[in-house]
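Novice: With our numbering, letter number 105 in the sequence shown gets 105, and the count goes up by one each step, no holes. No residue lacks a Cβ here, since even glycine has one placed at the ideal position from N, Cα and C. A quick note: this is a predicted structure, and the numbers were derived from the prediction, not measured.
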Amino acid sequence: MKEFNINNLVRKNILELQPYVSFRDNNTFENPVFLDANESAFGELNRYPDSTQKELKEKLAAMKNVSAKQIAVGNGSDELIDLIVKVFCEPKKDAILMMNPSFAMYGFYASVNENKVVKLNLDENFGIDKEEFLKISKEEKPKVFFLCSPNNPTGNSIEGIEFYIKNFNGIVVVDEAYIEFSEHKSCIELLGKCPNLIVLQTFSKAWGMAGARVGIAYSSQEIIKLINTVKSPYNINSLSLNKIMQLINYKNIIEENIKIL
Ligand SMILES: *Cc1c(COP(=O)(O)O)cnc(C)c1O
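#1: Count the other CB atoms, across all protein chains shown, that sit within 10 Å of the CB of lysine 57; report buried if there are 16 or more and exposed otherwise.
#2: To the nearest angstrom, report how far apart serine 182 and lysine 59 are at their CA atoms.
#3: According to DSSP, which residues form a beta bridge with valine 87?
#4: For asparagine 113, which option in Ser102, Pro91, Glu124 has the closest C-alpha, if you only look at C-alpha atoms?
#5: When DSSP labels each residue in this structure, what does leucine 17 get in the three-state scheme?
#6: Indicate, with yes or no, if ligand 1 has a heavy atom lying under 7 Å from the CB of alanine 110.
#7: Alpha carbon to alpha carbon, how far is serine 186 from threonine 202? Give it in angstroms, no decimals.
#8: Give the straight-line distance between the Cα atoms of isoleucine 6 and alanine 61, rounded to the nearest whole angstrom.
#9: What separation, rounded to the nearest whole angstrom, lies between the Cα atoms of valine 173 and alanine 110?
#10: Distance, Cα to Cα, asparagine 125 vs proline 49?
#11: How big is the Cα-Cα spacing for methionine 99 and asparagine 46?
#12: Tell me the DSSP secondary structure of glutamine 201 in three-state form.
#13: Are the CB atoms of glycine 76 and serine 238 within a distance shorter than 8 Å?
#14: Would the region 32 to 39 and the region 215 to 227 be scored as touching if the rule is three or more Cβ pairs under 8 Å?
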């Protein structure tokens with residue numbers, strides 16, 4: 001990778017965008033009477049949820065040994081894929097790179113945003129041909145590479161992922177939706193040395209919480225800030241947030257789910 005400057009990869013209009021800030025994010029109140037958001041004063045779900053998902057991020061930060069500022073929470077990792085395309089890919093101009101076969105949603109969101117979808121055909125062992133990867137990256141200059149490992153639908157992990165992160169002139173998104181089923185380590189540990197890396201994980205698979213729609217992105221503080229700027233303020237609803245906060249303390253759930261699956 002050439003000299004890395006995130007500002008050269010981000011769409012210009014996004015760099016200039018001011019994020020929506022909920023008044024309550026930066027204020028604490030004693031005996032509050034909230035009139036700022038026109039909510040009802042009664043009921044169970046009357047208040048808007050925490051737009052910053054602070055509690056969940058602090059919990060995940062401790063679990064994954066990263067800063068809470070390196071975490072963005074999405075309405076499923078699907079929403080995070082959409083947001084990543086929106087942050088980095090100029091409509092009608094930029095391209096994304098994805099493996100073939102792989103998870104269809106990368107191509108779907110790129111197409112919604114009018115970005116070209118370049119496909120890297122996997123070899124007979126469902127691995128990546130390095131020469132082909134380098135050639136196609138040079139020719140097509142895709143902005144974002146979605147690397148799914150373990151890959152859906154082939155099930156195998158991609159070997160030597162660091163090579164692809166280091167040799168790509170753009171953002172590499174490692175989608176780890178199935179990491180809990182794998183012997184391989186998460187790429188989260190590469191974040192310190194790979195400024196162009198985003199790692200996606202989800203509560204939908206091994207955690208068994210697909211109905212809650214909660215996905216996580218781990219990256220640099222700069223990239224996370226951009227994703228948070230573009231997301232809808234209250235993208236995770238209170239019911240899902242509360243449920244995940246209950247579940248996350250029940251550590252055996254992943255092992256139990258994996259045994260059943
Ligand atoms: C299921 C799946 C997702 C989507 O996860 P959600 O968090 O439910 O949106 C993302 N990537 C891959 C590879 C998947 O299989």
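Specialist: Looking at the coordinates:
#1: Only buried fits lysine 57, as 16 or more other CB atoms lie within 10 angstroms of its CB.
#2: Roughly 23 Å between the two C-alpha positions.
#3: None; valine 87 has no bridge partner.
#4: Comparing Cα positions, the closest option is Pro91.
#5: In the structure shown, leucine 17 adopts coil according to DSSP, grouped into three states.
#6: The closest heavy atom of ligand 1 lies 7 Å or more from the beta carbon of alanine 110.
#7: Computed Cα separation, rounded: 13 Å.
#8: Each residue's Cα considered, the two are about 23 Å apart.
#9: Those two C-alpha atoms are separated by around 14 Å.
#10: So the two alpha carbons sit approximately 45 Å from each other.
#11: For methionine 99 and asparagine 46, the distance between alpha carbons rounds to 44 Å.
#12: Looking at glutamine 201 - three-state DSSP - the assignment turns out to be strand.
#13: Against a cut-off of 8 Å, the Cβ pair of glycine 76 and serine 238 comes out as no contact.
#14: With the cut-off at 8 Å, the region 32 to 39 and the region 215 to 227 do not touch.
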